[in-house]
Amino acid sequence: MQHYSGFGLAKHALSHHENWERQWRNPTPKKQYDVIIVGGGGHGLATAYYLAKEHGITNVAVVEKGWLGGGNTARNTTIVRSNYLWDESAALYEHAMKLWEGLSQDINYNVMFSQRGVMNLAHTLQDMRDVQRRVNANRLNGIDSEVITPERIQEIVPIMDCSKNARYPVLGASWQPRAGVARHDAVAWGYARAADALGVDLLQNTEVTGFKVRDGRVYGVHTNRGDIEAKTVGCVAAGNSGVLAKMAGFKLPLESHPLQALVSEPLKPILDTVVMSNHVHGYISQTDKGDLVIGAGIDGYNGYGQRGSYPTVEHTLQAIVEMFPIFSRVRMNRQWGGIVDTCPDACPILSATPVKGLFFNCGWGTGGFKATPGSGHVFAWTLAKNQAHPLAAPFSIDRFHTGALVDEHGAAGVAH
Ligand code: FAD
Ligand code: PYC
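Its first residue numbered 824, the sequence shown is counted upward by one per residue in our numbering.
The structure is reproduced here in structure tokens:
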């Protein structure tokens, strides 16, 4: 962890920020690297870090069209949990959870991982059956998960309306105590600083505009700052993945949709866990600063605009106020959107592609923040060995030909 003495803190508080030490270099792109990662979000940066740290591959560039972490990584509502239904996805998200538990120490950066518990509410008998089935499956996979009653929910969250005649009666919930939240931009910055320290070049304001492909094999990318060569290219571009696949000459089964969130004015601490309701399209938590962080279902329209829409805001806030009447007079401060790339089975793609040497890590849709360390870890392994990591293998694009889909709509947490 980074420690400052009282003197160090005072020195930084009084100095001008332009004198602060830079967290990473601002290198000029080299002509050639061993590996290029397209996309400097959490997943891309984590991939670069594990390539360098675990596989000794340090001649790596992360090519980012904007700024590091400026995509969904710093637009998400930071819920981290691993309570997925199917063995394949539960294994992948639980792998990530274990890495989260040691991440601040590993990258020497406080990502403020707070295991404050996450509950997924059930409002109908069918919801309850789904919760029970998922919790049973979680437990068989060694994941901490339990079904809790309305009485227990009321104990954990006294401010929720759990009365029998509520518009959305609360019949129970799944509860994962090890789940929680983390500080999103710290995750990007921490991985960036750690990767840079191992020699990775982080190239911001560098947009990939095409791929250099010859005889069915990739050998580099075209960018707005010139061509860069590499025999291995990993694309980790979230909502823009479909656009990049098109540049490479193939299609991926992805749809890009805006997903939005909003934060309130800061309040005194009143909610110390995370409450999600897929059924009513609303979820809520409170930051350490006091803001309520509130999210919604995806916007039904496809699009690439990183902004929200009033109907979704209205629908979500109606649901939140029904569940938490105490918040009816809280003012909202800000609202924003990110572009999520959703697959037909609500699961990611971690895969080789029809172009040799070109790999995609995408399709995390509404739920990839929680996977950041795990995704980077298994994708780095896949790129380093040119072979799918066992945890990544079920998420190959082949599943859309074979039909071996891993349907996680029920565990996705956000309606889409
Ligand atoms: P990003 O952070 O989007 O990074 C991709 C990067 O690629 C971007 O920085 C982009 O600029 C860059 N890029 C794109 N095209 C190019 C190009 N041509 N050249 C160079 N660079 C390019 N997940 C959870 O687990 N929990 C949550 O609570 C949660 N809440 C969410 C709430 C909202 C409002 C949103 C929008 C998403 C939420 N998610 C959540 C999903 C999560 O944010 C994403 O799945 C995850 O952050 C994806 O990370 P990433 O690194 O793959 O993508
Ligand atoms: O995947 O848990 C999740 C999530 C919550 C909000 C958005 N995604």
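Note that CB positions come from ideal geometry on N, CA and C, so glycine has one too.
| Check | Outcome |
| --- | --- |
| Quick one: measure Cβ to Cβ for V954 and A1002, integer angstroms, because I've assumed they're closer than 8 Å. | That pair is no contact at about 14 Å. |
| Counting only the same chain and skipping the five closest in sequence on each side, list residues whose C-beta sits under 6 Å from that of A1175. | F1182 |
| According to DSSP, simplified to helix, strand and coil, what is W843? | coil |
| Assuming H1080 is part of the beta strand (DSSP E), what are its boundary residues? | 1078–1087 |
| For my contact list, I1121 and L1085 are in at a C-beta cut-off of 8 Å; report their separation, rounded to the angstrom. | The pair is not a contact, with the Cβ atoms about 15 Å apart (cut-off 8 Å). |
| Report yes if the C-beta of L908 is less than 8 Å from at least one heavy atom of ligand 2; otherwise report no. | no |
| Which residue spans inside the stretch 1054–1078 form an unbroken alpha helix (DSSP H) run of at least 4? | 1064–1071 |
| With distances taken from CA atoms, which of N933, G863, N959 is nearest R1006? | N933 |
| Tell me G1188's beta-bridge partners as DSSP assigns them. | Beta-bridge pairing links G1188 to no other residue. |
| For T1195, does the count of other Cβ atoms within 10 angstroms reach 16, so buried, or fall short, so exposed? | buried |
| Leaving out five residues on either side along the sequence, give the residues of the same chain with a beta carbon under 8 Å from the beta carbon of Q825. | Here the model assigns Q825 a pLDDT of 45, short of 50, so the residue's position is not dependable, and the following value carries that caveat. For Q825, where only same-chain residues beyond five positions count, the Cβ hits under 8 Å are N931, Y932, N933. |
| Checking contacts by CB at 9 Å: is K876 closer than that to chain B? | Annotation note: the requested chain B is absent from the structure, which comprises a single protein chain. |
| Nearest to Q1083 by alpha carbon, out of P1089, L1075, G1128, G1186? | G1128 |
| Look at the alpha carbon of F936 and the alpha carbon of G894, and state the distance between them as a whole number of angstroms. | 20 Å |
| Report yes if the C-beta distance between E1231 and A1169 is below 9 Å; otherwise report no. | yes |
| By the DSSP assignment, the beta strand (DSSP E) with M1146 in it spans what residues? | Element bounds for M1146: not the beta strand (DSSP E) but the alpha helix (DSSP H), 1133–1146. |
| Suppose you measure from the CA of V1163 to the CA of V1041; what does that come to, to the nearest Å? | 26 Å |
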